[in-house]
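Have a look at the structure below before the remarks.
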Amino acid sequence: MGYKVHTVDGRAGEVDTSTARTYSKELRVASSAAGTYQLCKVPAGAAIIAVRAYRTGGSSGTVQVKKGSSDVLASPMATTTDAWAGSTTVQNATCAAGDNLSVVLGTPGGSPTETLVQVDLRTAAPAA
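Just so you know, we're using this note's numbering here: the sequence shown kicks off at 176 and counts up by one.
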């Protein structure tokens, strides 16, 4: 049985018969208030393969993802007003089952109404 491949793989529309699965975890922060927000507890061993963010309104903002106390991005990623920003250059990407992922929003400029952060992961076992 095959599964449709997530577009982050760059092979949208193909059928993947391997055991690897790509899935996303998302966090939406209303008012985009600066702070640290819990994203998820990783359900199975996985690798972080991308971080994306979308900020609605405002004039500036930054996003960092942490695995435990380790930064996933080498430096906080700047967000763009009403557009997606993203990076596939990650560090500390290997996650064990039970690792905690969190999102750190920097102090925003202007008055953004919300920020959406998406973390894409790939696991050899389907996420439960």
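Think of the CB as a built atom: it goes at the ideal place given N, C-alpha and C, for glycine as much as any other residue.
Owing to the predicted nature of the structure, the values given are computational and were not obtained by experimental measurement.
Cβ-based burial, residue i [other Cβ within 10 Å; buried from 16]
i	result
Gly177	Any reading at Gly177 must be qualified, since the residue scores a pLDDT of 44, below 50, and its modelled position is unreliable; no value is offered.
Arg227	buried
Asp257	exposed
Lys179	Because the pLDDT at Lys179 is just 46, under 50, the model does not fix this residue reliably, and the value given afterwards should be weighed accordingly. Its Cβ having fewer than 16 others within 10 Å, Lys179 is exposed.
Gln266	exposed
Ala205	exposed
Arg230	buried
Gly273	exposed
Gly284	exposed
Thr197	buried
Thr255	exposed
Of the listed residues the options, nearest to residue i (C-alpha basis)
i	options	result
Val240	Thr256, Gly261, Thr231, Asp257	Gly261
Gln213	Gly243, Trp259, Thr288, Ala249	Gly243
Ser207	Ala195, Thr298, Ala222, Ser235	Ser235
Leu276	Arg196, Glu201, Trp259, Cys215	Cys215
Leu202	Arg297, Thr298, Glu289, Ala299	Glu289
Thr264	Thr194, Ala225, Lys200	Ala225
Gly281	Ala219, Ile223, Ser250	Ser250
Val279	Ala253, Trp259, Ser199	Ala253
Cβ separation of residue i and residue j, assumed to be a contact under 8 angstroms, to the nearest whole Å
i	j	result
Ala268	Val247	7 angstroms
Val238	Val294	With 8 angstroms as the limit, Val238 and Val294 do not qualify as a contact, their Cβ atoms being about 10 angstroms apart.
Leu296	Ala221	4 angstroms
Pro287	Gly232	5 angstroms
Bridge-paired residues (DSSP) for residue i
i	result
Ser199	Asp295
Contact test: residue i Cβ vs the ligand ATP heavy atom, cutoff 8 angstroms
i	result
Leu214	The ligand ATP is not part of the structure shown, which contains no ligands of any sort.
Taking only runs that begin and end inside the segment 217 to 298, name each unbroken beta strand (DSSP E) of 3 or more residues, in chain order.
-> 221 to 231, 237 to 242, 259 to 262, 275 to 280, 289 to 298
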